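Peer 1: For any residue, its number in the working numbering is found by taking its place in the sequence shown, counting from 1, and adding 1.
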Amino acid sequence: MSDQVEAPTTDNASSKINPVLKSSDMPEEMKTKVYELAQSALDSSKKAVDIAASMKKEMDKTYGPTWHAIVGKSFGSFVSHESGNFIYFYVDNLAFLLFKTA
2 MSDQVEAPTT
12 DNASSKINPV
22 LKSSDMPEEM
32 KTKVYELAQS
42 ALDSSKKAVD
52 IAASMKKEMD
62 KTYGPTWHAI
72 VGKSFGSFVS
82 HESGNFIYFY
92 VDNLAFLLFK
102 TA
């Protein structure tokens, strides 16, 4: 199985992703930060593992450990998380799941 993903394409560097929120209990400012991190990670890599690693590292740095990031086209999940620290969204056909645990 390849970890290469078909990352959303943009016409130019100033194009923005269009995230579709599925579920979240994060404050709006944190969601905005997550979307910015997704944009940056997608601009930097086409590998799901690299996108997830980049986002996890930045979330740990910005909001403290311990964050988990899952990025891909097909996965199931059942997670426990700290209140106010969960987001699940799509960018085109790519799913993003980020959550913090104690």
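Think of the CB as a built atom: it goes at the ideal place given N, C-alpha and C, for glycine as much as any other residue.
Everything numeric in this text was worked out from a predicted model, so none of it was measured.
Which same chain residues, not among the five before or five after D61, have their C-beta less than 6 angstroms away from its C-beta?
Peer 2: The residues are W68.
Peer 1: Would you check if the distance between the CB atom of Y64 and the CB atom of S24 is smaller than 8 angstroms?
Peer 2: No, the Cβ-Cβ distance between Y64 and S24 is not below 8 angstroms.
Peer 1: So, under 8 angstroms CB-CB, A96 and G73 are touching, yes? Tell me the CB distance rounded to an integer number of Å.
Peer 2: Going by Cβ atoms, the distance from A96 to G73 rounds to 6 angstroms, so yes, they are a contact pair.
Peer 1: Take Y91 as the anchor and find which of S16, E30, L43 has the nearest alpha-carbon.
Peer 2: Nearest option by C-alpha distance: L43.
Peer 1: By DSSP, does I52 sit in helix, in strand, or in coil?
Peer 2: Helix at I52.
Peer 1: Can you tell me whether L22 is buried or exposed, with buried defined as 16 or more other CB within 10 angstroms of its CB?
Peer 2: By the 10 Å Cβ count, L22 comes out exposed.
Peer 1: Which residue comes first and which comes last in the beta strand (DSSP E) that contains V72?
Peer 2: Per DSSP, V72 belongs to the beta strand (DSSP E) from 68 to 73.
Peer 1: DSSP state of K23, grouped into three classes?
Peer 2: The answer is strand: DSSP assigns K23 an E or B state.
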